[in-house]
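Residues -20 to -1, 1 to 385 (mature numbering (1 follows the signal peptide of the UniProt record, and there is no 0)) are what the sequence shown spells out, left to right. Positions of the beta carbon are idealized from the N, C-alpha and C atoms, including for glycine.
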Amino acid sequence: MACHVSVSALLAISALPALAKVADNEAVLAAPDGFEECKLQLQEKAIAAGVSAKTAQEVMTGVKHINRVIELDRRQPEFTTTFADYLNRRVNDDRVSKGRVLIKEHSELLARVTEETGVPAPYLVAFWGLETNFGSYFGKMSVPDSLTTLACDPRRSTFFTEQLIAALRIIDEGAIPVEQMEGSWAGAMGHVQFMPTVFLKHAVDADGDGRRDLWNSLPDAMMSAGKFLQSMNWDGDYRWGREVLLPKNFDYSLADGRRLELSKWGELGITDAFGKPLAQEEITAALIVPAGHRGPAFLAYHNFKVIMGWNRSEFYAIAVGHLADRIAGAGMLQNPPPEDTPALSRDTVLELQAALNERGYDAGKPDGITGPATRSAIRKYQHAEGLIADGFPGQELLDRLGVSI
């Protein structure tokens, strides 16, 4: 829980050097040169953007530099997360069971949100589950501290300056006291982890108390999530996508983001996950194969793109969709992702890219990230070597190229 300390109390504490050294030694004394000057400049920018001088001054005076935030911003994961690990951590029996309980407990609220936004309850609960484990953890860092720290760092200063000013406007409007504005290290907040700019544009007061409170009001949080998805053109007539089965000798180069009519995918031999023909609906879908030919395949509809508007990760979008399906009563995947897929370090991917380039398969400039160019190079190499050309860096591919893990 947030510490209920008033702004005036914070200012009084900061005026006492001895106490500051004891309580805030690391945060204050470790602040980089120019941080105080940067705070003043940000304060002036906020006032120029319409934040009241009172709010801007009171909040910015109490802001501290957080070294941990910079560490987290700079951190690049040593190993990529496999699809199996990602999905199994986020969509599990406990979370499905909890989601089913909560969807019944909050049925009236969720029905209202669905009626107003078109977003079905299982999706709302799935987002809630993935973002904060159904409100059990919002993050413990002061949002103004985190955003100021990041705004004063040159790497992404422009973006986080915008977020900080938005956070100050949220405080200014009375949505949340500054001492209660806690969130993730990057400034995401509340039940559904909105960034401040998203909060300003899409958060609503659904419980009628005069405040948009995404921390303490579940009606505000759920309706805000629905409004955000609605703003990205959520299609209430269709689901997110579905698991499918691919025929033998399938051309995996078709899993490159192209969108085809369901009838066309059916003509190519794709069925639903139980081997039945695809529905004859006049909609388009893209084929997603997140774990290569050994793992599950999905046809992703329009709402898949909407989910990625929330988080630009295919793994995340699949997890939301699959969790929503499970909460609604569906079973597990018919073809679960293989758990023996290697988790590749950035160094391994760099070595892989170099090996492909050396053999004449253009993977682009080695950067340690398995992006479209690398996947295209992998497919071409796999095809030339008589392997299943799914563009996935599996163990057999690595062995043939002499790439170590």
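Could you name the residues of the same chain whose beta carbon sits closer than 7 Å to that of residue i, not counting the 5 residues immediately before and after it, in chain order?
| i | result |
| --- | --- |
| Ala64 | Ala271, Pro317, Pro318, Glu319 and Thr321 |
| Gly237 | Ala266 |
| Leu209 | Thr97, Val99 and Val286 |
| Lys1 | At Lys1, the pLDDT of 33 sits below 50, so the modelled position is not reliable; the number obtained from the coordinates is stated separately. So no residue of the chain qualifies. |
| Lys19 | Met40, Val43 and Thr128 |
By Cβ distance, which residues of its chain are closer than 6 Å to residue i, with the 5 residues on each side in sequence left out?
| i | result |
| --- | --- |
| Trp220 | Asn283, Phe284 and Gly301 |
| Ser325 | Glu58 and Phe59 |
| Ser164 | Gly119 |
| Phe15 | His45 and Cys132 |
| Met161 | Val123 |
| Gly216 | Gly98 |
| residue 386 | Lying before the first or after the last residue shown, residue 386 is absent from the chain, which here runs from -20 to 385. |
By how many angstroms is the C-alpha of residue j removed from the C-alpha of residue i?
| i | j | result |
| --- | --- | --- |
| Phe254 | Arg339 | 40 Å |
| Leu303 | Ala201 | 19 Å |
| Pro257 | Ser116 | 41 Å |
| Arg69 | Glu294 | 15 Å |
| Met121 | Leu52 | 12 Å |
| Arg222 | Leu279 | 6 Å |
| Gly109 | Tyr103 | 10 Å |
| Leu240 | Gly190 | 46 Å |
| Lys181 | Ile287 | 18 Å |
| Leu82 | Ala335 | 50 Å |
| Ala106 | Glu85 | 15 Å |
| Arg359 | Gly348 | 18 Å |
| Ala166 | Lys228 | 45 Å |
| Gln56 | Glu88 | 42 Å |
From the beta carbon of residue i, is the nearest beta carbon of chain C less than 8 Å away?
| i | result |
| --- | --- |
| Trp165 | Protein chain content of the structure displayed is limited to a single chain, and chain C is not contained in it. |
For residue i versus residue j, is the C-beta distance shorter than 8 Å?
| i | j | result |
| --- | --- | --- |
| Val76 | Thr128 | no |
| Leu148 | Ala11 | no |
| Gly366 | Thr354 | no |
| Ile150 | Phe179 | yes |
| Thr30 | Val99 | Checking the sequence, you will find Gly at residue 30 rather than Thr. In this structure, Val99 does not lie closer than 8 Å to Gly30 by Cβ. |
| Pro124 | Leu144 | yes |
| His273 | Asp370 | yes |
| Asp342 | Ala357 | yes |
| Arg192 | Ala155 | yes |
| Val93 | Met212 | no |
| Leu225 | Ile250 | yes |
| Ser32 | Asp152 | yes |
| Tyr296 | Val269 | no |
Leaving out five residues on either side along the sequence, give the residues of the same chain with a beta carbon under 8 Å from the beta carbon of residue i.
| i | result |
| --- | --- |
| Arg306 | Val71, Val76, Gly79 and Met312 |
| Glu142 | Thr177 |
| Glu331 | Val383 and Ser384 |
| Ala91 | Ala101 |
| Lys34 | none |
Quick test of your reading: residue i and residue j, contact by CB under 8 Å. State the CB separation rounded to the nearest angstrom.
| i | j | result |
| --- | --- | --- |
| Leu198 | Gly170 | 10 Å between Cβ atoms; not a contact. |
| residue 418 | Leu242 | Not covered by the structure: residue 418. The range shown for the chain is -20 to 385. |
| Leu377 | Gln362 | 7 Å |
| Leu130 | Val184 | That pair is no contact at about 27 Å. |
Report task. Just list the beta strand (DSSP E) runs in the segment 215 to 284, keeping only unbroken ones of 3 residues or longer that don't cross its boundaries, in chain order. Result -> 221 to 225, 239 to 241, 264 to 268 and 277 to 280
Query - Minimum length 4: unbroken alpha helix (DSSP H) runs contained in the segment 30 to 73 - result: 33 to 42, 47 to 54 and 63 to 70
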